[in-house]
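Q: Handing you this structure, nothing more for now.
Number of protein chains: 2
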Amino acid sequence: MTTGERASRPGGRTARVRSDVLAAVEAELAEHGYDGLTVDAVAARSGVHRTTVYRRWKTVAGLLVDLLQAGLDDSWEPADTGTLEGDLVALNREVHEALTARPSVTQAVIAASFRTPEAADALTAFWVDRYRRSADVVRRAVVRGEVDESIDPHEVVMTATAPLYHQLVLLRQPLSEAAADRYARAAAASARSGLGSTHA
Amino acid sequence: MTTGERASRPGGRTARVRSDVLAAVEAELAEHGYDGLTVDAVAARSGVHRTTVYRRWKTVAGLLVDLLQAGLDDSWEPADTGTLEGDLVALNREVHEALTARPSVTQAVIAASFRTPEAADALTAFWVDRYRRSADVVRRAVVRGEVDESIDPHEVVMTATAPLYHQLVLLRQPLSEAAADRYARAAAASARSGLGSTHA
DNA sequence: TCACTAATGCGACGGCTGTTGCATTAAGAT
DNA sequence: ATCTTAATGCAACAGCCGTCGCATTAGTGA
């Protein structure tokens, strides 16, 4: 992210068109979900011509990718509550909120990632970045002496969050916030007892 | 599944058309993946007319759903190795195999489930059934006295398998069979130490 | 064997998607 | 102010997708 945007003519109109289109994408997404997201509808709502949208964003997935990058909060970092369990619970609540929100932009982007490789790559990059940052909660726990250094940070975070994605995205079944908390606590407990060690 | 097939005329041609079309779907899927799966291509390859395919299966997703149901092994049940850990490892290897196979019908069906509600419902039903049966491995462990009866069977299985789906389907990153084994063992250990209790 | 009719084949159509060539507008430089 | 040219607007087009009305084929029962 923070990809310099070195266009040869980044002037007023171009920028205005982009923000108008992305706003339209978000609105259409909210109204009709990803299935109802059409280049034509976005063009009509934004007041920009169809051809322009096709030329700059190529596909519907491209629009979503751009929206994702534009809205990327580059300063995101996991909350620091002082304990591994608290950090993981906070993390899982964020994920839970993102996946159960109506409409869920996250769900829409996931759907898009199954259509075009570009969307898939953008989403993978986004998540790799998020998981890399999230691993800090485990490293902090190691520093505090809360867990052993042989623990694999990535796996701990994965263990905590994976059930949420699995249940809400793939299985498409309800999952309470309490259940999300439970998975977080289970991951924390597992790490503290040394079960997440890479050479266990 | 085992839905009686009470068509008003289930005669020879109808059955032949169905098997020809489904065979074509499988072949097309193997060659071009889900993205390249077209009703027209399926019709051409099977020698059945476009209109017929549209009338009986409605959409591409419908074809996949039917393929899924036709190939459904209705007698599936989890392996019984004698220990919870062994059962979960065996389970995770099955999931790992299904998700890393090329081409993966499972991956294709997942992709389809993001397009039409019918495919989503079929997939959800399929998975609910699988997880219900899989929960037996935990119930057997309870009977053996291996784990406490307060353990939630569903959550144990979920904890073991979710990371595989998350890593291979959503994050789209490689995952070794050894890593799959590790997640299975972690879930087993967590259950044995009582961390998966519903009232923990 | 013969009628009955469900299932399929066939051709054509309307709608939507994405592309292309050309005209027009407006940002940036002199 | 004027020029240059990137970015956008515009209209028309080809291609694909899904549907419809009607003709034909082939199970099914008498």
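Chains as they are written, first to last, in my numbering: chain A, 982 to 1181; chain B, 982 to 1181. Ideal placement from N, C-alpha and C gives every residue a C-beta, glycine not left out. Predicted, not measured: the structure shown is a model, and the values here were computed from it.
1) Taking buried to mean at least 16 other C-beta atoms within 10 Å of its own C-beta, is B/S1115 buried or exposed?
2) Out of A/P1155, A/W1057, A/V1006, point me to the one whose CA is closest to A/F1107's CA.
3) Helix, strand or coil for B/S1000, going by three-state DSSP, please let me know.
4) Does any residue of chain B have a CB that is nearer than 8 Å to the CB of A/S1171?
5) What are the boundary residues of the alpha helix (DSSP H) that A/V1118 is part of?
6) Give the C-beta separation of B/E1009 and B/L1003 to the nearest angstrom, bearing in mind that I take them to be a contact with Cβ-Cβ under 8 Å.
7) Strictly below 7 Å CB to CB, what residues from chain A border B/A1143?
8) Just how far apart, CA to CA, sit B/Q1088 and A/S1157?
9) Please report the straight-line C-alpha distance between A/G1126 and B/E1066, rounded to a whole angstrom.
10) Could you check what DSSP says for B/L1151 in three-state terms: helix, strand or coil?
11) Counting only beta-carbon atoms, is A/A1122 nearer than 8 Å to chain B?
12) On a Cα-Cα basis, can you pick out the residue from B/V1034, B/R1083, B/R1036, B/S1027 that is closest to B/G1014?
13) Classify A/Q1148: buried if its beta carbon has 16 or more other beta carbons within 10 angstroms, exposed otherwise.
14) Quick check: the Cα distance between A/A1101 and B/V1020, rounded to an integer number of angstroms?
15) Please report how far the alpha carbon of A/E986 lies from the alpha carbon of B/Y1112, in whole angstroms.
16) Use the C-beta contact count for B/V1124: other C-beta atoms within 10 angstroms, 16 or more gives buried, fewer gives exposed.
17) Determine, using beta carbons only, whether B/A1011 comes closer than 8 Å to chain A.
18) Can you find a C-beta in chain A that's less than 8 Å from the C-beta of B/V1057?
19) Residues in its own chain within less than 7 Å of A/A1141 by CB, not counting five upstream and five downstream?
20) Where do the N-terminal and C-terminal ends of the alpha helix (DSSP H) with B/V973 fall, by residue?
21) Leaving out five residues on either side along the sequence, give the residues of the same chain with a beta carbon under 6 Å from the beta carbon of B/A1172.
22) Name, please, each residue of chain B whose Cβ falls closer than 8 Å to the Cβ of A/V1150.
23) Pick helix, strand or coil for A/G1014, following the three-state DSSP scheme.
24) Is there a Cβ of chain A sitting closer than 8 Å to that of B/T1105, yes or no?
25) Counting only C-beta atoms, is B/A988 closer than 8 Å to chain A at any point?
26) Could you list which residues in chain B have their beta carbon closer than 8 Å to that of A/I1091, in chain order?
27) Could you check whether A/S1174 and B/S1174 sit closer than 8 Å to each other, using their CB atoms as the reference points?
28) Mind pulling the chain B residues with CB within less than 9 Å of A/A1116?
29) Put A/F1182 into one of helix, strand or coil per three-state DSSP.
A: Working from what's here:
1) buried
2) A/W1057
3) Assignment of B/S1000 by DSSP, reduced to helix, strand and coil, places it in the helix class.
4) yes
5) 1117 to 1124 is the extent of the alpha helix (DSSP H) around A/V1118.
6) B/E1009 to B/L1003, Cβ: 11 Å. No contact.
7) A1143, P1144, H1147
8) 27 Å
9) 29 Å
10) helix
11) Put simply, the CB of A/A1122 is far from chain B, with every gap to its CB atoms at 8 Å or more.
12) B/R1083
13) buried
14) 24 Å
15) In this predicted model, A/E986 has a pLDDT of only 39, less than 50, meaning its place in the structure is not dependable; the value taken from the coordinates is given anyway. Each residue's Cα considered, the two are about 47 Å apart.
16) exposed
17) no
18) The identity of residue 1057 of chain B in the sequence shown is Trp, whereas the question assumes Val. At a cut-off of 8 Å between C-beta atoms, B/W1057 does not count as an interface residue with respect to chain A.
19) The answer, listed in chain order, is L1069, L1072, N1073, Y1164, A1165, A1168.
20) Here chain B has residues from 982 to 1181 only, and residue 973 of chain B is not among them.
21) Around B/A1172: V1128, I1132, V1137.
22) L1151
23) When DSSP states are grouped into helix, strand and coil, A/G1014 belongs to the coil group.
24) Put simply, the CB of B/T1105 is near chain A, with a gap under 8 Å to one of its CB atoms.
25) Per-residue confidence for B/A988 stands at a pLDDT of 49, beneath the threshold of 50, marking its modelled position as unreliable; the derived number appears in the next sentence. Closer than 8 Å: no.
26) Within 8 Å Cβ-Cβ: F1095, L1151.
27) yes
28) Here the premise fails: no neighbours, minimum Cβ distance about 14 Å.
29) The shown model of chain A, from 982 to 1181, leaves out residue 1182 of chain A, and the question about it has no answer.
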